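Note sheet for the following structure.
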Amino acid sequence: MKFTTTLLAVRDMDRSLEFYRDLFGQKVVCDLGWNKTLTCGLTLQLNFDKLCEFPEEKMQFRSHNMELYFETEDIDAFVKLLSEHPEVECLHNLKQYPWRQRVIRIFDPDGHIIEVGESMESVAFREFAAGHSVQETAEIIQHPPALVQQWHDNYRQEQK
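Residue numbering for the sequence shown is 1 to 160, as defined by my numbering.
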């Protein structure tokens with residue numbers, strides 16, 4: 001057995017597709033009309049209540065009990081793109097956690113929380129550029145030194 005997808009119940013397929021296309025570059029890879037799978041593996045589903053045979057009034061949008069997580073190498077570019085979409089509601093503005101990762105959380109058209117964060121490798125690169133060692137960076141970003149060492153190797157390759 002293997003996990004294959006996350007399915008989101010949506011009320012307006014066109015609006016949801018536009019959102020995931022415009023902000024996340026997603027395309028439909030499987031189109032069943034009422035069910036569409038995107039390039040990232042996420043599935044959007046109309047009429048989820050009917051599919052599961054429970055009353056429509058039991059549907060709970062904006063439940064605040066899960067989030068989808070996307071990573072980017074350029075969080076500033078994403079925030080700029082987001083500023084061009086005033087219709088998108090932010091849960092919070094760009095913020096930085098103690099492990100130095102910057103993230104923003106938004107709602108999709110059906111109230112599902114989406115976190116967009118800079119990759120931890122890009123956070124590590126920023127620390128290396130500031131002159132921190134592998135060990136210092138591992139402590140700062142709260143990641144295992146062996147992983148941070150791999151990122152440091154990648155960083156050095158990019159500097160050549």
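Glycine is no exception: its CB is placed at the ideal position from the N, C-alpha and C atoms. Fair warning: this is a prediction, and the values are worked out from it, not measured in the lab.
Query	Result
Exposure of F128, with buried meaning 16 or more beta-carbon neighbours within 10 Å	buried
Whether F61 touches E89 by CB criterion (8 Å)	no
G33 burial status per 10 Å Cβ neighbour count (16 or more: buried)	exposed
Span of the beta strand (DSSP E) around E115	I113 to E118
Nearest neighbour of S133, chosen from Q149, K36 and K50 [CA to CA]	Q149
Touching by the beta-carbon criterion (3+ pairs, under 8 Å), the segment 76-84 and the segment 43-57	no
Beta carbon of I104 nearer than 8 Å to that of H92	yes
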